[in-house]
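Report on the following structure.
Take a look at the structure:
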C-alpha cells in the first residue's frame, strides 16, 4: 500500500516537537504512544498554561475583589467562551464545567432523571456504550422505576437504526448515545437518532468523549439536548470536562450538588439558587485545568480540525490495511464510518499478552474490555487490543506496531 | 516422594536462571515456556469459585493439602500470566503452609518482574500470590484445629 503524503500545512515533526512526552523512551525504546482514546498527551502550551496560572495569578474565582481573583476569573470564563465556540453552542451559560464526561452524564441522569422520570418510563442507550453511559442510567432507572432499553448492533458494531426506531414510543423519555465508540471507533448516526427521538418528545444526550477530538462538533446543528466531553482526551488536562445543555432544559433542572458558588442566598429556612451555569458548579471549580482547557482547544483550532481529521484518517486507513497483513488478526468494527481507532483480536492470543509484549517494545496500546463489557459480550469476545491515533502519530509508528505484533506472534507461537 | 527443596533454594535457582538472559525477549520466552509446561488443570476446576478475578485475564487456582504440605494447580487464558503462575507453583507447591505465608517474594524483584507486581488492575502476580497465601492460611488454620 502506498504511503499517502501528509497535507500541506500539517508538519508532523513540528507538531511532535510540541509534546515533550513523545521524546522519552520506554524500556530503552522510543515511545510509540497509541493509546490516545484513553487519554491524549499534552502539548507544552497546555503544561505552560497550568504553570503560569499557579505561578502568576492563582486565586479563587468569582467572589474575590482583588486583582489576582479578577485575572483568574477572566481566564476561567474565557474558557467557557472558547468551549461555546468550539462545540457551536449559542450561549456561554449552556457550558457547565465538570470533572469529565462521566460526571456530565451523572449530572444529567441524577438531576434531570430524578425530577422527570416516572415509573414505567423508558431510557434508551445502545450496546456500544461505555460503562459511564450505562451505570448512571441503571441507577436512576432503578430509583425511579423506569426501564433501560438497549439498541442492538450488527456483528461489525454498527448501530441498528431501524431497531432503535421501533423502540421509540411515548414512553421513551430519554436517549443517551455515544457519538463514537471508545472500544471500536465506530461513529453512530447521532443526527438521525436525535431527530427521531425528538419526534417522540424524548431528550437526547450525546457522549462526546471520543468524538470531540476527531470530529467537527456543532451542538446547534445536531440539536442534541446535552453533549458531554472530557478535557484530557482533547490534549487538555485531566479532571476537567464539559457538559453542554440547552438553556431552557438546564434552567428547569434542580441543582446536582449543593455548596458554594451555586447559591444566590442561603438561610437556615431555605436557599435560592444561582443562575446558569453556576447553579451546576458547586464548590471551588478546577480553575487551573479549566484555564488550560482553553489552551488545548486553541491548540486544536490552531492546527485545524479538518487538517487533523485528514491526517488521522490516513493513519486509520494505513493501519487497517497493514494490520490485515497479519494472519489470524481480525479488526473488530471494520466499517467505513470511524474515528481513528483500530480494535483487533489475534486468533489464539490473549490481548493481555499482546499488551505486555508490545509494552516491552515501547509501544503503548490498550488491551481488555475497554470498560464496555456488554459490548464485548455481544461480540462474543473477552477483549481486544486497541490502537488509537492522534495528531502527532506517524505512519512510521504504525510500522513499528505492525513489526511489534509480528514479534508477539513469533514469541507466542 | 523426594523432598521439595526449600522455598529460598527454589527462588535462588530461578534468579540464577533469569541471570542468563540479557534481553527481554529471552526472559519472556522463558516465562511463556513455563506457561506451556504448566500441568493441565481439569476443566471441572475451572469454575467461578476458583477464579482469581482480574481486569483482563482469568486465573483459576485450586490447592490441596497432603501430609502437611500444600499442592497448587492453576491455569489462565493468558500465556504470560500462565507462565508467572507456573513459576509461583514451582516455588510454593509442596511447601508447608507456614513457609508459604512467611515467604517475602523478594526474588521477583531480582528477576526484573516487579512491574507485574504493580499491575493492580490486570491479573498481576500480586493477586496470585495473595490467593496462594490465603489458601495457605486456610490450610494452616485447619491444621491447628
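Residue numbers (the numbering used here), protein chains in the order written: chain A, 26 to 438; chain B, 65 to 209. Note that CB positions come from ideal geometry on N, CA and C, so glycine has one too.
CB contact check: residue i to chain B, cutoff 8 Å
{"i": "residue 377(A)", "result": "yes"}
{"i": "residue 26(A)", "result": "Residue confidence for residue 26(A) is low, a pLDDT of 40 falling below 50, so the modelled location carries little weight; the figure read from the coordinates is stated next. Judged by the 8 Å Cβ criterion, residue 26(A) is not in contact with chain B."}
{"i": "residue 30(A)", "result": "Legend: pLDDT at residue 30(A) = 45, less than 50; position of this residue unreliable, value from coordinates given subsequently. Chain B, which has no Cβ nearer than 8 Å to the Cβ of residue 30(A), makes this no."}
{"i": "residue 441(A)", "result": "The requested residue 441(A) does not occur in the structure, where chain A is confined to residues 26 to 438."}
{"i": "residue 427(A)", "result": "no"}
{"i": "residue 392(A)", "result": "yes"}
{"i": "residue 405(A)", "result": "no"}
{"i": "residue 401(A)", "result": "no"}
{"i": "residue 353(A)", "result": "no"}
{"i": "residue 383(A)", "result": "no"}
{"i": "residue 437(A)", "result": "yes"}
{"i": "residue 52(A)", "result": "yes"}
Any chain A beta carbon closer than 8 Å to residue i
{"i": "residue 141(B)", "result": "yes"}
{"i": "residue 75(B)", "result": "no"}
{"i": "residue 72(B)", "result": "no"}
{"i": "residue 191(B)", "result": "no"}
{"i": "residue 121(B)", "result": "yes"}
{"i": "residue 116(B)", "result": "no"}
{"i": "residue 124(B)", "result": "no"}
{"i": "residue 94(B)", "result": "no"}
{"i": "residue 89(B)", "result": "yes"}
{"i": "residue 165(B)", "result": "no"}
{"i": "residue 144(B)", "result": "yes"}
{"i": "residue 172(B)", "result": "no"}
Contact under 8 Å by Cβ, residue i with residue j
{"i": "residue 325(A)", "j": "residue 312(A)", "result": "no"}
{"i": "residue 156(B)", "j": "residue 196(B)", "result": "yes"}
{"i": "residue 153(A)", "j": "residue 213(A)", "result": "yes"}
{"i": "residue 125(A)", "j": "residue 266(A)", "result": "yes"}
{"i": "residue 130(A)", "j": "residue 419(A)", "result": "no"}
{"i": "residue 318(A)", "j": "residue 301(A)", "result": "no"}
{"i": "residue 119(A)", "j": "residue 270(A)", "result": "yes"}
{"i": "residue 178(B)", "j": "residue 377(A)", "result": "no"}
{"i": "residue 208(A)", "j": "residue 230(A)", "result": "no"}
{"i": "residue 433(A)", "j": "residue 382(A)", "result": "yes"}
{"i": "residue 185(A)", "j": "residue 177(A)", "result": "yes"}
{"i": "residue 82(A)", "j": "residue 96(A)", "result": "yes"}
{"i": "residue 164(A)", "j": "residue 134(A)", "result": "yes"}
{"i": "residue 63(A)", "j": "residue 272(A)", "result": "no"}
{"i": "residue 201(A)", "j": "residue 162(A)", "result": "yes"}
{"i": "residue 162(B)", "j": "residue 204(B)", "result": "yes"}
{"i": "residue 415(A)", "j": "residue 65(A)", "result": "yes"}
{"i": "residue 40(A)", "j": "residue 328(A)", "result": "yes"}
{"i": "residue 396(A)", "j": "residue 155(A)", "result": "yes"}
{"i": "residue 393(A)", "j": "residue 405(A)", "result": "no"}
{"i": "residue 74(A)", "j": "residue 316(A)", "result": "yes"}
{"i": "residue 79(B)", "j": "residue 164(B)", "result": "no"}
{"i": "residue 279(A)", "j": "residue 122(A)", "result": "no"}
Nearest to residue i (by Cα), restricted to the options the options
{"i": "residue 428(A)", "options": "414(A), 344(A), 398(A)", "result": "344(A)"}
{"i": "residue 23(A)", "options": "200(A), 238(A), 55(A)", "result": "Outside the shown range of chain A (26 to 438) lies residue 23(A), about which nothing can therefore be said."}
{"i": "residue 17(B)", "options": "67(B), 74(B), 69(B), 68(B)", "result": "This structure does not reach residue 17(B), given that chain B is present from 65 up to 209, and the question cannot be answered."}
{"i": "residue 151(A)", "options": "208(A), 103(A), 123(A), 203(A)", "result": "203(A)"}
{"i": "residue 337(A)", "options": "288(A), 276(A), 240(A), 134(A)", "result": "240(A)"}
{"i": "residue 197(A)", "options": "161(A), 160(A), 167(A), 145(A)", "result": "145(A)"}
{"i": "residue 290(A)", "options": "284(A), 298(A), 283(A)", "result": "298(A)"}
{"i": "residue 243(A)", "options": "414(A), 108(A), 350(A)", "result": "108(A)"}
{"i": "residue 235(A)", "options": "180(A), 259(A), 227(A)", "result": "259(A)"}
{"i": "residue 217(A)", "options": "248(A), 206(A), 205(A), 199(A)", "result": "248(A)"}
{"i": "residue 398(A)", "options": "349(A), 168(A), 159(A)", "result": "159(A)"}
{"i": "residue 281(A)", "options": "51(A), 293(A), 268(A)", "result": "268(A)"}
Closer than 8 Å to chain E by CB, residue i
{"i": "residue 129(B)", "result": "Annotation note: the requested chain E is absent from the structure, which comprises protein chains A and B."}
Whole-Å CB distance - residue i paired with residue j, under 8 Å assumed
{"i": "residue 367(A)", "j": "residue 182(A)", "result": "Their Cβ separation, rounded to whole angstroms, is 12 Å, which puts residue 367(A) and residue 182(A) out of contact at 8 Å."}
{"i": "residue 113(A)", "j": "residue 246(A)", "result": "7 Å"}
{"i": "residue 191(B)", "j": "residue 71(B)", "result": "Between residue 71(B) and residue 191(B) the Cβ distance is about 19 Å, and since that is not below 8 Å, they are no contact."}
{"i": "residue 365(A)", "j": "residue 340(A)", "result": "6 Å"}
{"i": "residue 387(A)", "j": "residue 55(A)", "result": "6 Å"}
{"i": "residue 314(A)", "j": "residue 233(A)", "result": "Residue 314(A) to residue 233(A), Cβ: 18 Å. No contact."}
{"i": "residue 351(A)", "j": "residue 371(A)", "result": "7 Å"}
{"i": "residue 389(A)", "j": "residue 58(A)", "result": "5 Å"}
{"i": "residue 86(A)", "j": "residue 98(A)", "result": "4 Å"}
Inter-stretch contact (C-beta, 8 Å, three-pair minimum) for the segment 37 to 52 of chain A and the segment 63 to 78 of chain A: yes
Touch test, the segment 135 to 151 of chain B against the segment 82 to 95 of chain B, Cβ-Cβ under 8 Å, three pairs minimum: yes
Segment contact flag, the segment 153 to 169 of chain B with the segment 132 to 144 of chain B, C-beta cutoff 8 Å, min 3 pairs: Proximity of the segment 153 to 169 of chain B to the segment 132 to 144 of chain B meets the contact definition, three or more beta-carbon pairs being nearer than 8 Å.
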